[in-house]
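J.: Would you mind keeping the following structure in view while I ask a few things?
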Amino acid sequence: MAVVVDEFGGTEGIITLEDVLEELVGEIQDEFDREVVMMRKLPSGALEVSGRTPVEDLIRVFPHWDGKTPSKTVGGLLMEVTGRVPLPGEAVYIDGLKFTVLGSDERQIKRVQVENILEDTGSDER
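Quick note on our numbering: the sequence shown kicks off at 7 and runs consecutively.
Structure follows, in structure tokens:
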């Protein structure tokens, strides 16, 4: 273990040998790590995602969505757009995607349902 300090001598945190190895070779799974499901498809065709899901993952699933944002996660994106932590049940529309908050607390967004609202409905409207 090592204590990490900043340039002013303040404590930033601690790191372990596992942290150093994971930086070199990637994520290491062990008996203490919990598997977190970041994304799952719902029967309706929508996705249920964790608030910690990377925005990059949504861009892979919804290629029409540009996802240009400084936010790294879906939760961060929704907080950036609304300026606060949205309440459960609240919907946010961003460039053709509907984000419905399924779970949140006072500090973070936990689960979000994401729907593509630009999908072709099969009607021949002109």
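Built from N, CA and C at the ideal position, the CB exists for glycine as well. Everything numeric in this text was worked out from a predicted model, so none of it was measured.
Assign serine 129 to one of three DSSP states: helix, strand, or coil.
T.: Within the sequence shown, residue 129 is the residue found at index 123, counting from 1. Its pLDDT being 41, under 50, serine 129 is placed unreliably by the model, and the measurement read from it follows with that caveat. Reduced to three states, the DSSP call for serine 129 is coil.
J.: Among Leu84, Phe68, Pro94 and Val118, which one has its Cα closest to the Cα of glycine 102?
T.: Taking the first residue of the sequence shown as position 1, residue 102 is located at position 96. Ranking the options by Cα distance to glycine 102, first place goes to Phe68.
J.: Confirm, please, whether the CB-CB distance from glycine 51 to arginine 117 is below 8 Å.
T.: Within the sequence shown, the letter at position 111 stands for residue 117. Within the sequence shown, the letter at position 45 stands for residue 51. The answer is no: Cβ separation not under 8 Å.
J.: Starting from the C-beta of leucine 23, find all residues in its chain whose C-beta is less than 7 Å away, skip the five residues before and the five after it, and write them out in chain order.
T.: Here the question's residue 23 lines up with position 17 in the sequence shown. So the list is empty, once near-sequence residues are dropped.
J.: First and last residue of the alpha helix (DSSP H) that includes leucine 83?
T.: On the sequence shown, residue 83 is found 77 positions in, with the first residue counted as 1. Residues 80-88.
J.: For leucine 53, does the count of other Cβ atoms within 10 angstroms reach 16, so buried, or fall short, so exposed?
T.: Along the sequence shown, one-based indexing puts residue 53 at 47. Buried, because 16 or more other Cβ atoms sit within 10 Å of the Cβ of leucine 53.
J.: Of all the options Lys104, Arg46 and Lys78, which has the alpha carbon lying nearest to the alpha carbon of proline 60?
T.: Reading the sequence shown from its first residue, position 54 is the one you call residue 60. Cα-wise, what sits closest to proline 60 is Lys78.
J.: Would the beta-carbon of leucine 84 fall within 8 Å of that of isoleucine 115?
T.: As a first step, residue 84 must be located in the sequence shown, where it is residue number 78. As a first step, residue 115 must be located in the sequence shown, where it is residue number 109. Taking 8 Å as the Cβ cut-off, leucine 84 and isoleucine 115 qualify as a contacting pair.
J.: Taking only runs that begin and end inside the stretch 13-66, name each unbroken alpha helix (DSSP H) of 4 or more residues, in chain order.
T.: Within the stretch 13-66, the complete alpha helix (DSSP H) runs of at least 4 residues are 23-31.
J.: Beta strand (DSSP E) containing leucine 108: first to last residue?
T.: Here residue 108 refers to the residue found at position 102 when the sequence shown is read from its first residue. From DSSP, the beta strand (DSSP E) with leucine 108 extends over 103-110.
J.: Per DSSP, what are the beta-bridge partners of isoleucine 123 in this structure?
T.: Walking along the sequence shown from the start, residue 123 turns up at place 117. DSSP lists no partner for isoleucine 123.
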